[in-house]
Amino acid sequence: MPHTAGRASAASVRAQGGRDRGGSLSGRLIIRGGRVVTPGGVRRTDIEVSGERVAGFDPRGSRDGEVIDARGCYVLPGGIDSHTHLLGDVASGTRSAAFGGTTTALCFTNPRPGESAPNALIRGRREVEGRAVIDVDLHAIIGEPGRISTADLEHLKRLGVRAIKLFLAFPEQGLMATDGCLYEVLHASVRHGFLVKVHCENGGVIAALVADHLARRRKGPAYFAYSRPPDVEDEAIGRTLAIAHLAHAPVYLTHMTTAGGIERVRAARANGQMAYSEVCIHHLLLDASLYRGRRASRFLVAPPLRSRENVEALWSAVADGTVDTIASDHSQMRYQPPLTNDFTGLPYGFAGIELRLPLLLSEGMRRGLSIRRIAQLSATRPAQVFGLYPRKGAILAGSDADLVVWDPRPRWEVKASALHDGIGASPYSGMTLQGSIRYVFLRGRLVVDDGELVGSSLSGRCLIPAA
Ligand SMILES: [Zn+2]
């Protein structure tokens, strides 16, 4: 990400503080003079870091230790992205995350055909270790829902999994769970203490709509999106909430995109249900008008981009607390279906882990969200919902010193080639953002210094404990 401001002051901080480029863990670190975003509010105070943890706060100005100058900046808890697909290239995805102020990624496993969910998790953990720039927790995708067994669920729990995911769509990939399977997994989740994340789109109806469009020779990329209309999502959300109610289980709804879905969540909560709601940054920043242009194929994602009316309903839900988390659904590689000569063979999915927090800060503050609310959506709620709080997700004495120093002053334009995911394309290319990230700390270690990665920085950990 381009950084235009602060380079001189970063250099002078290094000169004064003598902090070495490797971000050594020895001694104390002081983040000086920033506006610190804590669960209790925004405080102007120094932060004292000792080793990997926040040691405390000193509003009068601490004297000892290496100093990072945060004057004029906000200090936020390191971002936690609740929905990512990084396996296959953990190094690129987590490096990209670090530049965007995300210090923990909740990443899905990628089970291969015939591979059990626990074995996919063990393979994922092996891939993360030694390759990650930030901390990574793994959530288990149930790749063959018809074959998931009680023994598999118990094994996942023993491995330390905090969440698992089921799909109500993608029958063509063998991912679509039946309603009975959804009920059984939700029911078991209460006993095992993990949270079930559900992709809510009605896969059977989507398949029928796809067949309709193709029968009418509607082959263009926009029909990918028109095959997945809001009703298809609303129905699946309503059904999931009803089944979770029957199973007496909490449930987490991934990447919600519709006003109708939001209304169903509000109604379920009013009825006493524990329903968590996730929205993705692309559904807040982009809309379905992009499908009318010549570049429609660049914007394919499931669920698709929605009308302005739905986008505004999502922002209202973000502001009023209905939405718990804002994620990227980062795909390090777009999903490529088997090739065809119509929209069903087009790749889809977005990379967004690097811009999630900068976009949310820029657009959220422009819309009047408080920076405290932005910290909740981007870090605190993901940590609370997925069992990482208060070690992660907030700047508190004793928490991991995962910190982002964000300067609200610079304006800059997104250039895909300047992002660090190695992809070279971005749905956000050409957008202008307000504010840029100056420093990122992972457990007290400086990992991004004014637009540069510090050292080799492969200091991320897998939060699934080794067996
Ligand atoms: Zn996803």
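If you're matching positions, the sequence shown starts at 10 in the numbering used here and goes up one per residue.
Cβ atoms here follow ideal geometry from the backbone N, Cα and C, with glycine treated the same way.
Note that the structure is a prediction, hence the values are computed from the model and not measured.
Measure the CB-CB distance between residue 337 and residue 365 and report whether it falls below 7 angstroms. Cβ distance < 7 angstroms, so residue 337 and residue 365 count as in contact.
Based on Cα-Cα distance, which residue from 438, 318 and 301 lies nearest to residue 363? For the residues 438, 318 and 301, the minimum Cα distance to residue 363 belongs to 438.
Restricting to Cα atoms, I'd like to know which of 88, 43 and 335 is closest to residue 69. The residue with the shortest Cα to Cα distance from residue 69 is 43.
DSSP on residue 201, reduced to helix/strand/coil? Note: residue 201 maps to helix in three-state DSSP.
Relative to ligand 1, is the shortest distance from any of its heavy atoms to the C-beta of residue 221 smaller than 6 angstroms? Because no heavy atom of ligand 1 lies under 6 angstroms away, the Cβ of residue 221 does not count as near it: no.
Among the candidates 58, 459 and 349, whose CA atom is the shortest distance from the CA of residue 223? For the set 58, 459 and 349, the Cα lying nearest the Cα of residue 223 is the one of 349.
Nearest to residue 36 by alpha carbon, out of 237, 474 and 64? Selected option, being the one with the closest Cα: 64.
Quick check on residue 257: buried or exposed, where buried means 16 or more other Cβ atoms within 10 Å of its Cβ? Burial call: exposed.
Let me know the beta strand (DSSP E) ranges lying completely inside the region 336–377, each 3 residues or longer, listed in chain order. Taken in chain order, the region 336–377 contains no complete beta strand (DSSP E) segment of 3 residues or longer.
Inspect the beta-carbon positions of residue 531 and residue 136 and report whether they are closer than 7 angstroms. Past the boundaries of the shown model lies residue 531; the chain is included only from 10 to 476, so the question cannot be answered.
Residue 160: which of 403, 103 and 198 sits nearest, CA to CA? With distances taken between Cα atoms, residue 160 lies closest to 198.
For residue 447, does the three-state DSSP call read helix, strand or coil? Strand.
Confirm, please, whether the CB-CB distance from residue 246 to residue 209 is below 7 angstroms. A contact, by the Cβ cut-off of 7 angstroms.
I believe residue 150 touches residue 179 by the beta-carbon criterion, under 8 angstroms. Please report the beta-carbon distance rounded to the nearest angstrom. Residue 179 and residue 150 do not touch by the CB rule: their CB atoms are close to 11 angstroms apart, not below 8 angstroms.
Taking 7 angstroms as the limit between beta carbons, can you name the residues of its chain near residue 461, skipping five residues before and five after? Non-local beta-carbon contacts of residue 461 in its own chain, meaning distances under 7 angstroms to residues more than five positions away in sequence, are absent.
Along the alpha helix (DSSP H) that carries residue 105, what are the first and last residues, could you check? Run containing residue 105: 99–108, per the alpha helix (DSSP H) assignment.
Assess, as a yes-or-no matter, whether the region 81–89 is touched by the region 438–453 under the definition of 3 or more beta carbon pairs within less than 8 angstroms. The region 81–89 and the region 438–453 touch, with three or more beta-carbon pairs separated by less than 8 angstroms.
Let me have the residue list for ligand 1: C-beta closer than 6 angstroms to any non-hydrogen atom, ordered along the chain. Every residue whose beta carbon comes nearer than 6 angstroms to a heavy atom of ligand 1 appears here in chain order: 92, 94 and 338.
So the alpha helix (DSSP H) residue 233 belongs to, where does it begin and stop? It spans 231–235 - the alpha helix (DSSP H) in which residue 233 sits, taken as one unbroken run.
So is residue 318 buried or exposed if we call it buried at 16+ other beta carbons inside 10 Å? Exposed, because fewer than 16 other Cβ atoms sit within 10 Å of the Cβ of residue 318.
Can you tell me whether DSSP reads residue 190 as helix, strand or coil? Of the three classes helix, strand and coil, the one that applies to residue 190 here is helix, per DSSP.
Kindly list the residues whose CB is nearer than 6 angstroms to the CB of residue 373, restricted to its own chain and excluding five residues on each side of it in sequence; keep chain order. The residues are 383.
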